[in-house]
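By UniProt numbering, the letter at position 35 of the sequence shown is numbered 35, and the numbering carries on one by one without gaps.
C-beta: ideal position from N, C-alpha, C; glycine also.
Note that the structure is predicted; figures quoted are calculated from it, not measured.
Just below is one structure, and these are the notes that go with it.
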Amino acid sequence: MFNISVEKKPTEVGVEAGEVEQKVKALTCRMTLNQIGVQADSPLCWSPDGQFLFYVNGTHGISVCQSDANNHFTRISVLQGHKRRIRQMQCHPSKPILVSCGDEGIFVWDLNTHACIKKITEDTCPDAHEEDVECMIWLYDGIVLATGGSDSTVKLWDVERDFSILETINAHKSNVSTLAFCASQDYLVTAGRDSSINLWSTRTLRPEVLAKRYDDKSIVCLLIASMDGHLGDVSALTLSSDGGVIFSGARDNTIRAWDFKKHSMIREIKDQNNLASSHKGDVTSLYCINNDQFLVSTSFDGTMHIYKLGAMTSEEKMDGNLTLASLDELLKGVAETETEGDRVVANDVLISSFPFFANDSVMCSAMNPKVPLMAIASDNNCVYDISKDIRVPQLTQEFVGHSDCVNKVVANAQGLVVSASTDFDVSVFNPQQATRLRCFNTGAAMFAVATVGVWASDDAQCDDIVFAAGKDYVIHCYSLNAARFYQAMEQQCFVMRTVPHPTAYDLYHLTGHVGKVRSLAFCPDLKLLASASEDGTVAIHAVPELSPVDPSHPGSPSEEAPEKVLEDHNGIVLDVAVSDEVDGKHYLASVGNDYALFVYTLGEHTRLAWSDSAAHRGVVTCVTFGHGAARELVFTGGWDKEVHVWNVSTGEQVKTLTHHTESITGLTVSADGRYLVSAAADKSLILWDISEDFAIVARYVCPDECKSVCIAGDEIVAGYASGVIRLWPFPGEEKKDMFVEEEF
1 MFNISVEKKP
11 TEVGVEAGEV
21 EQKVKALTCR
31 MTLNQIGVQA
41 DSPLCWSPDG
51 QFLFYVNGTH
61 GISVCQSDAN
71 NHFTRISVLQ
81 GHKRRIRQMQ
91 CHPSKPILVS
101 CGDEGIFVWD
111 LNTHACIKKI
121 TEDTCPDAHE
131 EDVECMIWLY
141 DGIVLATGGS
151 DSTVKLWDVE
161 RDFSILETIN
171 AHKSNVSTLA
181 FCASQDYLVT
191 AGRDSSINLW
201 STRTLRPEVL
211 AKRYDDKSIV
221 CLLIASMDGH
231 LGDVSALTLS
241 SDGGVIFSGA
251 RDNTIRAWDF
261 KKHSMIREIK
271 DQNNLASSHK
281 GDVTSLYCIN
291 NDQFLVSTSF
301 DGTMHIYKLG
311 AMTSEEKMDG
321 NLTLASLDEL
331 LKGVAETETE
341 GDRVVANDVL
351 ISSFPFFAND
361 SVMCSAMNPK
371 VPLMAIASDN
381 NCVYDISKDI
391 RVPQLTQEFV
401 GHSDCVNKVV
411 ANAQGLVVSA
421 STDFDVSVFN
431 PQQATRLRCF
441 NTGAAMFAVA
451 TVGVWASDDA
461 QCDDIVFAAG
471 KDYVIHCYSL
481 NAARFYQAME
491 QQCFVMRTVP
501 HPTAYDLYHL
511 TGHVGKVRSL
521 AFCPDLKLLA
531 SASEDGTVAI
541 HAVPELSPVD
551 PSHPGSPSEE
561 APEKVLEDHN
571 GIVLDVAVSD
581 EVDGKHYLAS
591 VGNDYALFVY
601 TLGEHTRLAW
611 SDSAAHRGVV
621 TCVTFGHGAA
631 RELVFTGGWD
641 KEVHVWNVST
651 GEQVKTLTHH
661 TESITGLTVS
671 ADGRYLVSAA
681 ADKSLILWDI
691 SEDFAIVARY
701 VCPDECKSVC
711 IAGDEIVAGY
721 ASGVIRLWPF
731 PGEEKKDMFV
741 EEEF
């Protein structure tokens with residue numbers, strides 16, 4: 001047991017609840033080790049060698065992910081500098097440079113140092129876009145950068161001269177949202193909200209004549225033509241390999257082909273024999289593949305379409321062979337699906353419509369330039385393997401967070417993080433890679449989660465079980481052992497070409513509550529699960545034997561009632577916790593909006609050990625027990641902005657911690673019992689050293705309210721109201737650059 005100086009309750013000496021006695025100096029950290037979460041409409045970008053993937057995390061940092069030999073991507077760095085939405089990213093064709101643009105302007109990053117080396121914003125550059133920068137593209141192997149903005153202009157930047165301005169083109173009547181470039185025919189395509197597609201000559205930007213612009217300011221890019229036909233914003237552009245055909249997608253859900261030389265529309269791309277061949281939402285990206293014989297499109301409707309293109313000119317003859325060596329496996333079997341004989345020249349055949357998301361949009365996509373991989377962005381970012389058949393991409397990795405408040409985070413024995421959210425999802429993450437391994441949709445907002453290892457009856461294996469509960473009053477049970485519990489059901493769904501319903505993953509339900517379930521705690525030694533509810537009760541459940549999902553009756557979990565119900569609280573029960581073994585006993589603690597703390601001895605005959613009806617001067621929001629040398633301590637936090645420390649055996653309050661300035665939202669103790677972490681609505685975490693009489697070791701600050709906190713290995717894991725999960729470092733020599741000493 002640590003040597004802790006005993007204090008009286010603040011109320012007994014006239015100290016107001018939550019009053020901070022004096023300011024202290026402590027290490028402060030504002031830089032996370034990692035984040036789990038993505039910007040809702042994150043852009044995507046591949047490096048030219050295909051080894052790096054870039055996406056935007058939930059706080060507008062650019063995550064840099066590197067591929068291994070198995071095409072699995074691990075986050076190696078975050079480029080931090082943007083504070084607002086990022087709209088597009090582009091890697092330089094030959095230099096270690098990444099350019100990002102968005103609501104704040106243009107940022108240039110050195111990928112060797114991961115530092116921002118240039119900002120082109122209204123504050124730093126008089127030639128910057130006056131509003132958001134929406135799109136950009138490299139010209140002539142990266143010697144010029146073209147950017148399009150909400151101010152209706154296209155700006156041209158000289159990369160070799162530190163991105164100095166070359167020209168501002170008043171390109172459209174409204175936002176410029178997409179660009180395309182053809183070096184072989186020297187033209188730039190611009191399009192946007194005014195529905196027009198404009199063509200600009202770029203001959204004066206060629207490397208051999210670029211310098212003349214500095215001597216003769218009259219040299220500009222001339223408008224070649226303006227083409228109209230879409231009935232909504234033009235949102236995507238791509239070109240045939242020779243630049244002879246321009247393809248455009250728009251908010252009118254259509255894709256159109258245009259003849260560059262004639263400056264006119266060739267036709268709308270659709271299958272005349274398939275009324276469902278058009279998208280049912282905005283077209284978000286377009287790609288020509290396999291010698292321009294196929295066009296790939298993605299859309300807000302959540303699908304990817306692949307069209308076998310008909311002839312674009314009367315002289316053109318398409319043989320349908322897949323001759324591009326590097327992509328000849330992408331459309332395996334497509335040629336065989338074609339009917340014999342010549343096709344109608346003007347007809348394009350929809351050969352595939354793949355639903356990436358049933359209830360979500362494809363915001364953007366990116367084809368890897370070297371490896372048959374495709375990245376898709378929506379509310380999450382996914383990497384798909386398209387090496388076997390592009391018509392049926394195989395999901396290989398997800399970079400995804402929650403879309404709503406993260407109410408609870410816990411770490412299991414393997415160091416994985418399990419989270420429960422208001423967005424209905426219970427997710428399992430690898431925190432080091434920031435990737436999601438499993439996701440269970442419960443159909444209701446989740447407030448609580450607990451992870452346990454349950455041994456099978458034959459003691460042959462230990463199953464990782466996840467309990468989750470929330471707004472629907474029941475406790476759901478899921479397993480991370482998919483091979484044992486879900487394989488038969490998933491195989492049957494695959495054979496029947498159906499997708500398992502989310503309820504099919506429920507192994508059983510624990511019932512008994514008539515109000516929202518706010519908290520769960522598991523005792524592995526006794527195999528008992530405790531639950532706290534807004535119905536004012538604490539229920540104690542025995543964990544039943546687990547069985548695989550019956551393929552013939554998926555989604556019909558059995559129900560189990562609680563063994564015991566505790567009704568001592570006079571109000572909502574907000575949190576519950578179970579102790580390690582203390583002198584041969586396990587304790588159960590519960591707190592709620594009645595300001596009370598109840599502590600029980602847990603077992604076959606659960607009994608009240610002691611209680612305090614005024615544990616805090618306000619609602620008591622959270623409770624946790626110590627571990628190791630601190631196993632005899634129980635910690636509570638409340639609306640009075642205080643953390644109280646209690647002796648679990650005697651019920652004596654031994655310490656009051658008062659350095660938060662808003663209500664306490666979460667508490668956790670390290671496995672060795674040395675550290676306590678408290679989270680509060682003041683948007684900070686405080687790390688306390690229990691062994692040093694609760695000296696403050698460090699503080700973690702960000703502009704987001706933490707709702708739950710746990711410790712996974714040597715990292716502090718915190719779930720936030722924004723849906724982001726942040727990983728914070730413990731202080732140490734290797735992490736010293738992440739901390740600064742501040743007074744608070």
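For residue i, collect the residues of the same chain with a Cβ closer than 6 Å to its Cβ; drop the 5 residues on either side in sequence, then sort them by chain order.
i	result
residue 439	425, 427
residue 156	144, 146, 166, 167
residue 282	235, 251, 300
residue 522	450, 452, 529
residue 268	254, 256
residue 128	105, 120, 121, 122
residue 423	402, 403, 404
residue 347	272, 310
residue 226	196, 198
residue 535	513, 514, 515
residue 682	660, 661, 662
Judging by CA-CA distance, which residue of the options is the nearest neighbour of residue i?
i	options	result
residue 561	230, 543, 744, 568	543
residue 599	581, 605, 577, 583	577
residue 721	702, 739, 731	702
residue 286	300, 248, 253, 273	248
residue 666	303, 646, 635	635
residue 694	185, 675, 108, 710	675
residue 697	708, 685, 309	685
residue 664	275, 574, 613	574
residue 133	140, 499, 149	149
residue 712	432, 170, 583	432
residue 570	34, 590, 370	590
residue 601	630, 174, 540	540
residue 232	718, 373, 175	175
residue 513	719, 37, 564, 32	564
residue 82	737, 101, 241, 71	101
residue 91	103, 85, 84, 107	107
residue 46	84, 93, 32, 40	93
residue 240	86, 189, 429	189
residue 609	436, 586, 625	586
Our contact map puts residue i next to residue j with C-beta atoms below 8 Å; I'd like the distance itself, whole angstroms only.
i	j	result
residue 548	residue 509	Actually they are not in contact, since the Cβ atoms of residue 548 and residue 509 sit about 17 Å apart, beyond 8 Å.
residue 43	residue 377	7 Å
residue 419	residue 404	Wrong, their Cβ atoms sit about 11 Å apart, outside the cutoff.
residue 658	residue 642	6 Å
residue 518	residue 35	About 26 Å separates the two Cβ atoms, so there is no contact after all.
residue 279	residue 305	7 Å
Which same chain residues end up closer than 8 Å to residue i when comparing Cβ atoms and leaving out the 5 residues on each side of it in sequence?
i	result
residue 187	181, 199, 200, 201, 202, 224, 243, 260
residue 732	none
residue 222	200, 201
residue 131	149, 150, 151
Beta-carbon within less than 7 Å of residue i's beta-carbon, same chain only, minus the 5 sequence neighbours each way: which residues are those?
i	result
residue 111	96, 97, 98
residue 238	180, 247, 286, 287, 288
residue 340	The predicted model places residue 340 with a pLDDT of 35, which falls under 50 and marks its position as unreliable; any figure quoted below should be read in that light. Result list for residue 340: empty, nothing under 7 Å.
residue 159	142, 143, 144, 145
residue 500	489, 490, 493, 554
Is the Cβ of residue i closer than 8 Å to any Cβ of chain D?
i	result
residue 86	In the structure shown, chain D cannot be found, because there is only a single protein chain.
**Item:** Sufficient close CB pairs (3 or more, under 8 Å) joining the segment 476 to 496 to the segment 505 to 517
**Value:** Taking 8 Å as the limit for Cβ pairs, the verdict is that the segment 505 to 517 does touch the segment 476 to 496.
**Asked** Quick check: the segment 202 to 211 against the segment 253 to 263, are there 3 or more CB pairs under 8 Å?
**Response** Not touching, per the Cβ criterion.
**Request:** Give, in chain order, every unbroken run of the beta strand (DSSP E) that is at least 3 residues long and sits entirely within the segment 343 to 398.
**Result:** Correct list: 349 to 355, 364 to 367, 373 to 377, 381 to 385.
**Prompt:** Just checking, does the segment 360 to 379 make contact with the segment 23 to 33 on the three C-beta pairs under 8 Å criterion?
**Reply:** Touching, no.
**Message:** Would you call the segment 681 to 700 in contact with the segment 383 to 390, where contact means no fewer than 3 C-beta pairs closer than 8 Å?
**Reply:** Segments in contact, no.
**Asked** Does the segment 58 to 65 touch the segment 733 to 741, meaning 3 or more C-beta pairs lie closer than 8 Å?
**Response** Contact between the segment 733 to 741 and the segment 58 to 65 is not established, with fewer than three Cβ pairs separated by less than 8 Å.
**Request:** Counting only runs of 3+ residues fully inside the segment 72 to 139, write out the beta strand (DSSP E) ranges in chain order.
**Result:** The qualifying runs are 73 to 79, 86 to 91, 97 to 102, 105 to 110, 115 to 120, 133 to 139.
**Inter-stretch contact (C-beta, 8 Å, three-pair minimum) for the segment 64 to 79 and the segment 120 to 135** = Remark: fewer than three beta-carbon pairs, one from each stretch, lie closer than 8 Å, so the segment 64 to 79 and the segment 120 to 135 are not flagged as touching.
**Within the segment 224 to 306, ranges of the alpha helix (DSSP H) (whole runs, at least 4 residues)** = Residue ranges of uninterrupted alpha helix (DSSP H) with 4 or more members are absent from the segment 224 to 306; none lies entirely inside it.
**Message:** Please give me, in chain order, every unbroken run of the beta strand (DSSP E) with length at least 3 that falls completely inside the segment 458 to 541.
**Reply:** If we require 3 residues or more, the beta strand (DSSP E) runs fully inside the segment 458 to 541 come out as 462 to 470, 475 to 479, 508 to 510, 517 to 523, 528 to 533.
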